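The structure under discussion appears below in the form of structure tokens.
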């Protein structure tokens, strides 16, 4: 901002014209009052103001405030002085001046701050030069002290009173204004004023104020103080100091760390001063800045911020800086070669064109609508981006990518990410860019969006780009590369990942190796946190795949000097069931890696140190980490397999293993004779042995020497192990021992799974079982010993289920003993009893202890039911005897009570027992059985959100749906009710219904039973929920993971819970084909049996009709569409076993459906195909087809395309003996439709006629050829005219449906379930490949696959294509392509003051605008006569938009009106607004005339000029009239001209806002726009 130095009188009279008028009026008024002179009277009034709290002249001075009164009196005094030259004597005394300053600072008028500034400036103008120097010097020092104290303490004090620092700044501003406008320059060179040039004090103060947290104070300093210093001849290095401070504050902030809004606010506030359009000699700051790379770095980072305000400010800075470089290239130099900017003066035009395109992209990305951005981004990819990389700097592309990453539209985000992944990172390896942080923060954050990983055709397009991106870091500088690889793990850990995103990112990171291994011990700690916190909530399938990727990353990134203890600790966290099991691919990967850097000495040291920790936990301090038994055993097995410890023959390995483990195992040898061995050591022995057996259970090869060695050593210790068990059985008692009991119990099951160990272990465990029985019999209360004993007995009962062990006498003995125990429990009713847990007196009553007690109670109850289940299954107890011991009602009550009180784990054993007993319970009491089932159903769904739900629902299905009880007549309706409930729940959780159908397919072996449950089969045939987009993405990802086999999924039973529809369909089709075979045999041999196929077909069609009734219009891939398609697929199979009567009914229904509805392509194909097959198999129905053909043409002509297709395909399917006659009849019915009104019907008729004619010619049907030759020639001649019809005709003829498909030859499972859905453009999750049906017995009724692959290789027709989704595709262009795109206007106000946080109040801005604009001319719009707020607000917005110099209102209070603000939309903040009361309008217009303005009135008068013929003077005042009355008659004489808008209509006049807008635009057009174009 550069200020001119006008004359003193001009400055005052220009800005305070109205106030000077008032002053002259009051001088005249005072001259009439008494004998005292006017000057004396004024001086007296001034003294009164200084010495009174409120003005004593209020009544005289129109109710003004003290400062307003003082301003008026000072102007009066100024006018009374006749001396027009430099003041020789001050008009006021120094004391008066000081009192005035005190009053302005201590009695600051917040309602009108402009008055304060006016008083201060007038006060200084009234001093002569010497007094002025003295007072200014003192005031500046005072201001320096006040502001300095404020910055130190936060308190600004003046003369002992607290004042606002803004008051002090106003004083400084007034001093600077007067200094810059003084006519004499002598005062400015005074040595006393060198205080201004003190960089250590005054300059530093203003730099600190610019960075003050108070936005208002900072903005005030920047926008009012800094520009004033530039007008002084005294050189004040404020901007140099400020820029140095900005550089210190910046310090290369990272992409994710930037929060310094102040830097951008400061630069934007001074942008017009730093980068002026015209450079002056003393303005070198802009040149210094553009040559400093930090400026471009600040702009560069700001363009990519999430905060829209910072982005906007950065675009302003960039635009201003580039314009400055362009306009001042001579002063700057021929070229700029900075890190972020290359500029050559000879290529200025080309560079500015590139930058213009760049701005277009940045501004487009601020829009929300994709259609506005798409064409600009296409041009950016093809043109702008390559130009930047070639001529300026590729780094500027990064803010554009960030804009795309942060966009609300996923299509824009994906487009940006896909484009970024194609970039070469070497172009971004600049020190100021921090590309590693760019990837780590914005890019990684963007990748956490599952919608980016939509499967495109057969692959995931983002994955390859990701792998290329991460691997490209290997070619980057070492510092960048190491920083990225070392931080990526912690960055991954800090994000709450979606499952799909997490897998693909981890897979990409694991796909390459790095040379300088950046991971260390701390990285493993981060990985452990990632495994335990970040991924634990994901599904087992995702968890397993991510863990496999993490293991690969660890092998690729981890420093080989990492401690084995840290390695063991992290290996122990990986789950063996999901990712890290012995013998798996990941296991071999780690083993081979360990071989490269682990030697025997290092491995032996690890084992010995770890064992010493188990014996003496205090020794863990030496290794820095304490590992558990699982981590230790897994690490040992890895070292064994890596040949780092065990080698040589098996006997040698066994010896070495015993030596290695001796420090621990020796404590359990002969434990019965060593009572002083600590229990903790015994526990470690059991855990280590158990983990060794469990971890090595998956052999790494067929000849697993390591496993044999471990099992042999374990077998030799089994007796000692049992002794350890017996000792702990009697020693447990504290609640904290609960976890010990669990680990011992788990070890029992682990050991008993090994066939080699179980005989020895059973023999050794007799004493343990006897001890358990002894404790249970002797202990009346439930304690931890009794609980442990019941665990042992439950384990024993589970062994009964192994048929290989039934012959052992050991089992006969204990089976009878357990049976006797359970009989006592059942007879006494204790099987449902809950006990209070009694613990040792040492146990404290903490929350954790209460939890353990509750677990012990519920598990103790559960163990009884588990044992009862085992005994019932192996015949230890007969089910009849169980119910005879206790009344059925009592036993069922016990079961229900146990379900309600025993916790969730009891559901499985109780329902397993009820499954065995339910048939007998139903025979006794159906109501009681149903009540029990209801309790179990309710309890099962209480755990719907837990993993245990799947165990419980499976048990319920097996209990409820048994073939034996499903045939009970009274039970059927209840079973159907539960099946319907399961189907409903399956719509949201598909795996439930899949489990149900799978069970029924195995359970119901009698097809006759399906006659009662055919509705369940129908539900299964049409089952399949429509997946949401996120579910579809997740499902595709899971299937992709499963396609890698054991690499990412060790548990073969795992599957995506959403991939259930296919399985249900296959199971249902299996059942259906068995029913079809039985019914077909019955038809063939004329057996009298119920036709189940007919019932199923009838129910399927009713299902279709019900769906149509609920929703007659449906969309592609909707639930209705899929349901109809599945029903039609099933009907095609059922048609094989339907009678002629049933087919006739189905045919009528199909024809009605084709006439009424407009089906999706896949449904249409299937319905037409089914109709054709019915007509082929039953010739008697063909005549009805022609009747329906004619009816359809009348009922709905649009459906005729389907009937035409049926006629054609039926012609192709008939034997040759019937074909000629049928084709002849077809032509008779079809040829009139070749002239149909509807284009699609006409097109199909013409194609069918041509295809039939080809058959006639090929088969040489002479009779038909001669009969219809003329018809064909006429149709063919009309088609030879070309055009759109000919093109569509060729497309339809070449489609698979007319060229390849045959209704008989292609009757296969592949066509029905795979080809038709694919060719009908149904979503690929509805495509069931023939491989899924390989296990289905088809009974030679239908082929599995087609004879050839012609149909498989076909593509869908154009009319069946889906509506394209919003997807941006890049189109390659040759050379420059001019694009015309929609572009919103982006305002470039100085500093964007509203968003910065505000600077001056509204009137202060008016003063500023008036000071720089009013004197230079322009248009002043006067709306003092307008009354309505919407009109005033709308005019304000128009004035601001078109740059009006000043907007005059009748009252400034109008600005606060809500109606005004609704229309002005903050325009009042950016325009100079002043107040002129209507009664003062004449005087105001006169004063404006005196200043050279022409007064133009918008009014219709007898001499008014048409607007299109009027030439506006540049300096014009536009007066708008009242809405009703117009311009009053007494004002018209003040006007120079009246102008009206020419009209053609009947309405008398336009709205005042519209009229004003037309006038304002015309003034702008005539002056500023014409000047710009010239």
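Residue numbers (the numbering used here): 27 to 1600.
All residues carry an ideal CB built from backbone N, CA and C; glycine is no exception.
Computed from a prediction, not measured in an experiment: that's the story for all the values here.
Residue i bridges to which residues according to DSSP?
{"i": "residue 976", "result": "DSSP output for residue 976 lists no bridge partner at all."}
{"i": "residue 1500", "result": "1474"}
{"i": "residue 363", "result": "368"}
{"i": "residue 1531", "result": "1565"}
Rounded to whole angstroms, what is the Cα-Cα separation between residue i and residue j?
{"i": "residue 1029", "j": "residue 987", "result": "8 Å"}
{"i": "residue 1266", "j": "residue 1186", "result": "15 Å"}
{"i": "residue 842", "j": "residue 877", "result": "35 Å"}
{"i": "residue 633", "j": "residue 708", "result": "18 Å"}
{"i": "residue 901", "j": "residue 583", "result": "58 Å"}
{"i": "residue 1081", "j": "residue 1018", "result": "13 Å"}
{"i": "residue 1096", "j": "residue 717", "result": "43 Å"}
{"i": "residue 637", "j": "residue 694", "result": "14 Å"}
{"i": "residue 412", "j": "residue 468", "result": "22 Å"}
{"i": "residue 782", "j": "residue 921", "result": "38 Å"}
{"i": "residue 317", "j": "residue 297", "result": "16 Å"}
{"i": "residue 793", "j": "residue 752", "result": "8 Å"}
Within this structure, are the beta carbons of residue i and residue j separated by less than 8 Å?
{"i": "residue 1378", "j": "residue 1341", "result": "yes"}
{"i": "residue 1189", "j": "residue 1154", "result": "yes"}
{"i": "residue 932", "j": "residue 963", "result": "no"}
{"i": "residue 1502", "j": "residue 1474", "result": "yes"}
{"i": "residue 1125", "j": "residue 1041", "result": "yes"}
{"i": "residue 1090", "j": "residue 1358", "result": "no"}
{"i": "residue 1586", "j": "residue 1468", "result": "yes"}
{"i": "residue 439", "j": "residue 386", "result": "no"}
{"i": "residue 668", "j": "residue 1074", "result": "no"}
{"i": "residue 1367", "j": "residue 1103", "result": "yes"}
{"i": "residue 174", "j": "residue 231", "result": "yes"}
{"i": "residue 815", "j": "residue 798", "result": "yes"}
{"i": "residue 1535", "j": "residue 1493", "result": "no"}
On the DSSP letters alone, give me the boundaries of the alpha helix (DSSP H) that residue i sits inside.
{"i": "residue 570", "result": "566 to 583"}
{"i": "residue 387", "result": "374 to 390"}
{"i": "residue 1169", "result": "1166 to 1182"}
{"i": "residue 838", "result": "835 to 854"}
{"i": "residue 951", "result": "Per DSSP, residue 951 belongs to no alpha helix (DSSP H) and is neither H nor E."}
Is it buried or exposed, residue i, if we count other Cβ atoms within 10 angstroms and call 16 or more buried?
{"i": "residue 678", "result": "exposed"}
{"i": "residue 1465", "result": "buried"}
{"i": "residue 416", "result": "exposed"}
{"i": "residue 120", "result": "exposed"}
{"i": "residue 1213", "result": "exposed"}
{"i": "residue 830", "result": "exposed"}
{"i": "residue 397", "result": "exposed"}
Under DSSP, the beta strand (DSSP E) around residue i begins and ends at which residues?
{"i": "residue 1521", "result": "1520 to 1524"}
{"i": "residue 1566", "result": "1563 to 1566"}
{"i": "residue 1543", "result": "1542 to 1546"}
{"i": "residue 1446", "result": "1445 to 1448"}
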